[in-house]
Structures are given as structure tokens and as C-alpha cells.
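Working notes, structure below.
Chains as they are written, first to last, in this note's numbering: chain D, 1 to 284; chain L, 1 to 284; chain C, 1 to 284; chain G, 1 to 284.
Structure (C-alpha cells):
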């Protein structure tokens, strides 16, 4: 049985890493499909993504784990090893706005994105029919200011029950608590509707209109405890002019939001992102 | 003698403005070449740029002024009337960086921009040879922290002597005093090396690198007393990645600076910009 | 009752047109909301789009028609007069590909586009469920090479019965006959999946791959008898690299197709397009 | 003495190539700075660029050559080995247009590009003063239809005398003969002023205007015997509208030409391009 594997790793830079990793794969009969690397010369840190094919039955697959762990220790690597035939289990959080949700679900249907969407969670009922059109379980978890804690408890239960390992906030209009965020480090992707760091916070299109900018955009990023401050994955912009009122910025911005969010989700699902010191390395 | 004129105007919105302006021109034998307008429905303000050709000798030209003033009063217009055959008299301020200066001077030479560059002013001698290659007077006005006032006095004298009506700060690395800025309202264009309002202030490329953005850009704007807060004219961005170090951002950013600055200068020279409440209307 | 009207016109250039049109509106108590014009100096042709509000009951509306016709004759104008409160009646033709259809229907639902979609016509059954999710009548009209004529007859009947005045070919994979095309001049919009005139004809992404281009794109245009030769309305491109296989070009191209098609439909629905000598003037 | 080397290679795909190459470098004390690879799965061809630093005196450098040759034979590699401290020796061919020449020379001066420009060759005298401003030898080689052969002989002599290994055609308006082209395979870069394959041949901006496209662009490519058919390196586009006359397309196109040409030259100088079957792999 031929399997495809991806190894993502970070370690202090030193000679011999590529030689070692590629030799490790070669010795086990693997064929490298794709490989990309990056060295941060300021911090002398080495980053790598390597994808290969090899014949592996399930017992050989199990034996591989400690072997990778061994050379990882030697190079002081942090790493993750992924099986390409085990897609992510995704949850999508939404509120009332439909555009990002439709966009993701159509891309999944067309197999632009490879993932199982286990559930859609919303604090409103507006998008229930979209979920049912695409045959995805929809959970309505209302969030009132005084019962936020309870709502998050319910959300976390749902995520655990469905064994979710990627949460996509597709214009979900609630701020999640630091306790919630901690449970899914670098596993929650948000779309912010401005080209960060410009116009962080609320109503970015209104801010953009007031400032009279000639470009608006959107930013996809991992969610951290600091709102709108997480590692940026993708950014997209488009031109605007004095003719555009706030509602035009909102409309034009939607296209940027869709593109920036879909990009981030795709890169994450293909294990192409390494988050490091509040930045990302994206091996496109 | 056929002359080409441009009228730029702002006034409270009301029915009949276009009818009146276009009739005014028609009655005097003018032929409208180009016309663009904008209504800000929030503030009920009307903006217009109208360009036309008409036969005019110099005495008829003189008579035109009070006639325009009369209907301007009637509609409570602020306006400017330009003769296309009288190009702007431009000064370029530079420090050590050559790219924007070369870019502007080549565009002027190729007649992409129509203006007379009366002088180049610099606080360094590095770019003197560029000025002489393009046959433009170069003035060295050193600026030390304690003699800034004197330097500005000298600069203002030069600008007056050359009857300058547009000052382009082509990566001029000194902040001009509010007193200086006041002399040339909406007649000084600066290029800031970030997509404002992100990364205002010093060292924007270092800020962008530290934040890990995936886009960098440049912003051209009129200079006001508040640094980096003036009305934005043009913005330009380009993609960057984790591979780009600060020096790569600087290099990639230069192309955006050149484009955003040249765009602003071109729009200004063609009398296509109306600055209004810290925004611009650009009639492209 | 305040109504919003749009007049689109083409005529030989001469002094006084703007004055006349704007005076015509002013005299009837109209207030111009937006106005744009263009002069082609080669052919001395004048183009204009003017949008205004005026109080009009239905009998005054009827009287307006011959008045407009009168001054149109005087200036030898071709023109169309639209009531903004009467949206287009659109038909969408599709085959098996879902992305453009979803994109249009979501935009309509979000009111980015203002139109009534009367029906969806397809030569396949694949997208029937999409139509029903959005509550739009779906008609299955199979097209076999030998029965194409019959199929077109059936399609034309459907279009007439639904009083359609805009047909959008959203990746409809059948070529329509010249007889069909003639019925809807400048009322059929197609999306071609290349930046025309490059890669006209079949399988443009394969052609692009074979040529090794670094950009791919999409072109929306009015349909004329000559395939892929109609007046271009919008074009959109994106970068590709040697890493992209044909299937990646197809995937990346979809985003361009969606954007270029939605742009064209929006411009048409807002009566912003004048087709003229196989080109378009788009008053954005 | 620490030296930086780049190896560019193409060979049939097989397991073990990366392991072998990286081990080869590691054994000799080299540290890999950057590495990128690509596999064309259709033709089962493997491409790689690897850049590393190692301590090397000149005798060790000499010994390296046969060692690389040995493993290259084993994997049936075509390869080139470059010393980063030996910059290319460039010639720039121009006619009358100044924009690409200025652009390249300013980038060289600012060290965006690392190369020695040995000479500028032109069939006109217009740009002689530009050459002298940048202190580069200028050779005037007029080309008349009947004496083209002689002119090319003279050009080839100049190129040989200056040991040129990269020729940049910066809007050089003469077609070079197949005999000339053959002397510098994948060592001549041209800028064509359209997004190829659209508007190949003469007067592309006129063609674009006639067709009414909404985008214009430029394409940099290696020169082959078939005019405008060589492997594409970079492409750049910008939006145009019905307002743009041919002269506006020419002006807007210049910016695209500069960018697309500078990109190609930079990629070539950094040994990032592999030309293969009329396409390029560009390891950005």
C-alpha cells in the first residue's frame, strides 16, 4: 500500500539536516514528491516541509513514528507527521453572513479543499438551510453576553464529540475567550475584514471609509488570545475609490474575504503552514 | 487660438448644477472634452471636474474669470480654473535615495508627466549628478536639528523665487514644520512607504517584517500638519512571503513607491484631484 | 412617486449635448445622481450614461418617452431609457460546472446583483438541486448534436415565455447557433476561461499549460456570432507557476471566471455598458 | 575562504537524488542556504536548484568540478555550477526607447541586480548620454536592412571581446537572425510588450486597442529562433479601460515592461531559471 506522508519541522539550523532527512526517506524506499525549506538567518532557525510516497502497511506505519522521533531529538526538532489519506476534521463557525460559508462549502464540494466538515456551529439560525443543502450537521448555539461561558462549554463539547482538529471562523461575530482559544493552538483560522494591522477591531470597513483609503482588503490568520494579532496566513486587497460608499466596501470586501480565507484553509489542510513567533511560514 | 481649460469645483448639491455649467460652456462656443462628477450623499456635497476646448484670445480669457466667479457665487462653489497650456512649476525634494527621483525625471522626459521641474532640493549631495544629467538646478540645503528653521527659510525662498506651485517629496527624509506645510495646502505630495494607516511613522518596512504581513505597499498623499495623516491619493501593494527579509521588503517596496508617487503626481498635474475633509476625490 | 431613471446614449459628437441632456432633466425637476461620458476622438462619437431621480406618476412616465425620442432624433442618438425599479429578467444557462452558478446565485441572494432570475436552463441534470435550493425554476433541455435545432427552439420558447432580457452563460458548454444569438443582441453574456484573445477555442487551460504562461485569466463578453470574438466586458487574471498542473490552472481559473462573470453581469444590470463596434464602454 | 555556490540541475526522476546531492554537500562541509525542487510527473523529470556555502580555496574549487561531474553522470543530469562571486557579464541592446534601459541601470546602481554591464549596444545614438551618465561603454551599430549581416557580425565581435554571457534586449527593435540567436541559447532575454501569446508580432498595443481588451501586459522570455515563441519567464498586466487611447496603452504598458523585464533579469542573474521544453521553471 503506497502512502503519502508530510513532515513539517522546525529546528536550530546546522549543516546536514536536509541530507539526514532525505537519506532517512530514501533508505526506507520513499520517493520525495515535494520539498521546501526556509532558514531564518536572524534566529538561525531551520524550517522544512517534505512530502513523500512510500509503501507502508499499518505496522510499518506504526514503527515509523519512533524512528522519526529519534532523529527529531538529535536535531532538537519540533515536528508533525501527517498521513495525507487522513483528512482534517473541520468545524465551521458562522453567524448571519453567508458568503464565506457558501464559498468554503462549494470549494469542498468541488474538491478544491480536501477535508471532512463535521459540523457547522452558529449563534443564529439564518444559515441552517445552507448547512442542510450541503448535508452538514448544523448546531445552533446562541450566545448571550451573560451566558457566553455556557455557550463555549457547549461548543467545546460539540468539537470534542466530533473530534475536530480545525476550526474555521467564517465571519463568526463573537469573540472567543482565551480559555477556548488555548484548546486549539494554531488550529483556528479567522478571517478579519481588513488588511491588518490597519483597521483592527470593529467595523473595519467603516474605518476604511472614514480614512479614505484607496485599497481595502482581508486577512486570514490563526486565532490567538490577542484579538486580530495572531499569525497572518494570507492577505488580499482590491482597489476602491471615492465612489464607493461603506456598503460598496462591504460588498467588494466580501470577495477578498472569501479568497483570503479559502487560501488559508487550503494551505492548512495541505500542511503547508508553520506558525513561528507570531508569523507564518507558508510553503506554497 | 483654441485653448483647453479645466474647472474643478465643490459645492452643496442641488438640481441644475450640471445643466448650468454645461450650458455656460456651450454658450461660449466651448466643446466639452471630458466631464466627471461625484455626489457625497452623506454631506450632500457635489464635486465636478470638467475639461473643455474653446477659442479664446487673452482678453476673452481675462473676461472669463469674473463670469465663472459669478455663477460660482450663485451655487456657493469653491473652484479652481486651470489653463492646460500652463503647466505646474514643480520642485522635487530628495535626500539620498535615488529611485523615486529617477522615476519621476524619466517620466517627465518621456512626457508621461507634463510639468516644468524648476529645481531639486536636497539635504545631501548624493543626487546632484542625477539632477545635472537631467539638466535641472540642484540646491543643497543641509538640515541639522538645531538649524532646521533656517533651512526651511532657505527652502521657502527658493520655492518662491522659482514660483513653485507643486512640491513633491520623493523620499525626502526630513519632517517639515507645520509653518512650512501651511504655505502649500494640497500642493505638497509625499510618498510614505507603507499602505497607510498600517505602519505610519518610522521604518515601516521593519514594522511590516516584524508583524509578518503578506503584503507591503506604499501610499501617496497630500502633506498636512499631521504626519502620515494627510488625504490619501494613491496606494499600491505587492505580495511578500516569509522568504523576504527586511532588505527584500525595501527593494520590493521601491517599485510600489515609484508607482504610487508617479500616479499621484500625474493626477495632480492633470487637475484631477479634489481634496475634501481629509479624503481625495480622484477623477481618473 | 420618486423614480430613478438611466439613459444610455450614443451619438455623433458635437457641442451642446451635455448641456441639452442635463437641461432636459433639470427642467422636469430631475436631480442627476450620476453622469459619465466618453468621446471617441477617432470616430468623433459621443457616449453617455446619466442617472437621475424625478417625481413621476405613470402618465408622466409615458409622456417622457416621446420627449426623449424627440431630442434623440435631433442629435441622431441611439439610446435606451431604463427604469431602475424594473429589474432585468435573467436566465442562466449551465452545464455541469457549479462554481459560476453558485457564485451568481449567492450574489443575487445577498443583493450584490439586482435581478430576477426567472429560470435556469441546462443540458444536464447535475445542477437541478442547486436551482431548487435557491428556489428557481430549472429546465432540463438536453442537447444532442443531431437535435440541436430542436433544443434551441425549446430554449427560445422558455426564454420568451419568461420574458427574459438577459441570458448569462455560466460555463454553458454548448455553442449557440447564429440564429439564436441574433435574437438577443448584447443581451447574452458569456464567460470564457482565458484572457482573450489568448487561448480562444476549446480547452484554454490545457493551451495555457502547454505554452507555459505565468498568468491565466478569464474574460466575460457579449456573445456574437463569432465564437470568443464578442465585445469584451471584463477580464481577470492571476499568477501561476511551473508548479501548477492543468488541474491547478482549472482550479485557480475558477476564481477568475467567477469574478469576471459577476462583474459583467453587475455592470449590465446597472445599465453601465455600451457595446460599440465590437468593444464596450463600461461606465464603472 | 567561504564561497557561495549554486547548482542548477535537470535529470530523470528517481528516488535518492535529494539525499545524494545534500549528502555530497554535507560531506564537504557545505551548509545549504536554499534549496528548491520540482518534479514534472508527466515526463518524470526532476529539477533542482541548490545554493550552499562552503570553505574552498581555488585548488579545492577546481577539484569540485570533476566530483560534481561524476555524480551528474550517475543520475544522467544536465547541470550548471555557478560561483556567486562571479557575476554575469551583461550586454544591453537598445534602440530609441529609454524606459527599460533607465530602469535596469538604476536597479543595478541600487544593487537590486548584481551584474557587470559590460556594454550597451544600439542601432541609434539617442541613448548614448544615458550610457555615459552611468559610465558604461556605448557602441553604436547601425542596422540597415541590407547590411544586417554585417551589423550582427560586429555585434558578435563586441560581445565576444567583452566576454558577455547575458544579453538583455531592452526594447531593441531589430529582429536577430537565427544564427545570432544560436550563439547564446537561454542567454538572451527579451521583453515583448503584450501578455503573450496574445498580440504576438508588431504593434501589440495597437492590436490590444483594436480588440478592446480590458488588460494589457508585458512578457519577458528567452529568445529563440521563433519570434515571440521562446520560454516565458515573467508576465505582468495592468487594467485599462475605454478611456485609454493607444498612447495611454503605450504609457501604461511601459510600467509592465519594466517590471517584467527586471524580474526576468534578476531571476537569471541569481541562477533561478531552468528552461525546459519551451517553458521555464523559475525557483523564486
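Positions of the beta carbon are idealized from the N, C-alpha and C atoms, including for glycine.
The model shown is predicted, which means the values in this text are computed figures rather than measured ones.
Return helix, strand or coil for residue i, following the three-state DSSP convention.
i, result
"residue 329 (chain G)", "Shown here, chain G extends from 1 to 284; a query on residue 329 (chain G) therefore has no answer."
"residue 35 (chain G)", "strand"
"residue 91 (chain G)", "strand"
"residue 102 (chain G)", "helix"
"residue 162 (chain D)", "coil"
"residue 44 (chain D)", "coil"
"residue 196 (chain G)", "coil"
"residue 110 (chain C)", "coil"
"residue 127 (chain D)", "coil"
Does the CB of residue i have a neighbour CB from chain L at under 7 Å?
i, result
"residue 38 (chain D)", "yes"
"residue 118 (chain G)", "no"
"residue 102 (chain G)", "yes"
"residue 162 (chain C)", "no"
"residue 106 (chain G)", "yes"
"residue 112 (chain G)", "yes"
"residue 197 (chain C)", "no"
May I ask which residues mark the beginning and end of the alpha helix (DSSP H) holding residue i?
i, result
"residue 63 (chain L)", "58-74"
"residue 17 (chain C)", "17-27"
"residue 240 (chain L)", "Residue 240 (chain L) -> no alpha helix (DSSP H), and no H or E assigned at all."
"residue 119 (chain G)", "Looking at the DSSP string, residue 119 (chain G) is not in any alpha helix (DSSP H); the run it does join, the beta strand (DSSP E), is 116-122."
"residue 192 (chain C)", "Segment 188-192 is the beta strand (DSSP E) holding residue 192 (chain C); no alpha helix (DSSP H) there."
"residue 143 (chain L)", "Run containing residue 143 (chain L): none; DSSP gives neither H nor E here."
Looking at the secondary structure, which residues open and close the beta strand (DSSP E) in which residue i lies?
i, result
"residue 256 (chain D)", "Here residue 256 (chain D) belongs to no beta strand (DSSP E); instead the alpha helix (DSSP H) covers 246-269."
"residue 169 (chain C)", "166-169"
"residue 275 (chain D)", "273-276"
Return no unless some Cβ of chain C is closer than 7 Å to the Cβ of residue i.
i, result
"residue 26 (chain L)", "yes"
"residue 281 (chain G)", "yes"
"residue 32 (chain L)", "yes"
"residue 251 (chain D)", "yes"
"residue 23 (chain L)", "yes"
Closer than 7 Å, CB to CB, is residue i near chain D or not?
i, result
"residue 18 (chain G)", "yes"
"residue 213 (chain C)", "no"
"residue 140 (chain C)", "no"
"residue 242 (chain L)", "yes"
"residue 35 (chain G)", "yes"
"residue 232 (chain L)", "yes"
"residue 130 (chain L)", "no"
"residue 76 (chain L)", "no"
Per the DSSP calculation, residue i is bridged to which residue(s)?
i, result
"residue 3 (chain G)", "G:54"
"residue 176 (chain C)", "Its beta-bridge partners do not exist; DSSP assigns none."
"residue 282 (chain D)", "D:273"
"residue 9 (chain D)", "D:48, D:79"
"residue 184 (chain D)", "Beta-bridge pairing links residue 184 (chain D) to no other residue."
"residue 134 (chain D)", "None; residue 134 (chain D) has no bridge partner."
Under 7 Å between C-beta atoms, does residue i make it to chain G?
i, result
"residue 124 (chain D)", "no"
"residue 133 (chain L)", "yes"
"residue 15 (chain D)", "yes"
Could you name the residues of chain E that residue i contacts, counting a contact when the two beta carbons are closer than 8 Å?
i, result
"residue 259 (chain G)", "Absent from the structure is chain E; the protein chains it does hold are D, L, C and G."
Alpha helix (DSSP H) runs contained entirely in the region 201-236 of chain G, provided each spans 4 or more residues: Runs found: 204-211.
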